[in-house]
Each structure stands twice: as structure tokens, then as C-alpha cells.
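K.L.:
To start, I am sharing the structure in question, which I have written as C-alpha cells.
Residue numbers (the numbering used here): 97 to 225.
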């Protein structure tokens, strides 16, 4: 036990992990036969998906993508334009939810009483139902 840390510079490991995480995209797109489905961990701070193209996100926008649950908490059901659907995790719910074309699929699979939910991006149907 603990041998991993022997001779390892923990600050260097943290810096490497931080560099890898900061290189990950805030949003991704998946092409489906019915149109693009966007995926963002927590929230999408715009009403138009095109905002991700060629834009530099502000620190507040990055924070929203990673941590915000504002859209769900406000029950904001205005669809995000120029995208078929946007899928989020982060907001842990008992069952999947939908507001406009925004889908929330974090059902606490990491918790003892939770379960993992999958979303078929072709049909936008969740499993288990």
C-alpha cells in the first residue's frame, strides 16, 4: 500500500492531470440521422447551440457547463435552437427528465440507491424506462 507515491512528485501528477482535464471539450456533438445531439456535463448557458462554434467561452460560461443546474432548477423549457437535443448529467434525479429539447439523464448510478441511465441518441428514448 502507498507504493505509488514513493518517488512520485505529487504536484507534478496534479499538474499533469489538470492539463489533461483542461484539454477536454466543454461540449461535444454527435451526428445522428435525425440531426446533431449536443452533450454538456452540467448546463448549456445559451439558447442557440451555434454559440459553441468559433466562440471562446467566458469563465462564467465554462463554470455553467461544468457545474450549473440553473436551467433545471428554473424549469426553463425553452428549446436550444439549431440542435436536435442537448444531453446533460450532473443534476442527479430519480428518473430522467426533459425540458424542451434538453435531456437530463443523471439518475445517480454512482450511488447505492441510484442507477445508470442510457439515452438512445437515435430515438431519444432512455433506458431503463
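The beta-carbon is built from N, C-alpha and C at its ideal position, and this holds for glycine as well.
Assign residue 208 to buried or exposed, taking buried as 16 or more other Cβ atoms, counted over all protein chains shown, within 10 Å of its Cβ.
P.N.:
Exposed.
K.L.:
In the structure shown, what three-state DSSP assignment does residue 181 receive?
P.N.:
Residue 181: strand per DSSP, three-state reduction.
K.L.:
Distance check for residue 103 and residue 212, CA to CA, integer angstroms please.
P.N.:
Rounded to whole angstroms, residue 212 and residue 103 show a C-alpha spacing of 38 Å.
K.L.:
By the DSSP assignment, the beta strand (DSSP E) with residue 216 in it spans what residues?
P.N.:
214-216
K.L.:
May I ask you to report which of helix, strand or coil DSSP gives residue 201?
P.N.:
coil
K.L.:
Would you identify the three-state DSSP class for residue 193, choosing helix, strand or coil?
P.N.:
Residue state, collapsed to three classes: strand.
K.L.:
Applying the criterion that 16 or more other CB atoms from any shown protein chain within 10 Å of the CB defines a buried residue, is residue 97 buried or exposed?
P.N.:
With a pLDDT of only 48 at residue 97, under the threshold of 50, the placement of this residue in the model should not be trusted; the figure read from the coordinates follows. Residue 97 comes out exposed.
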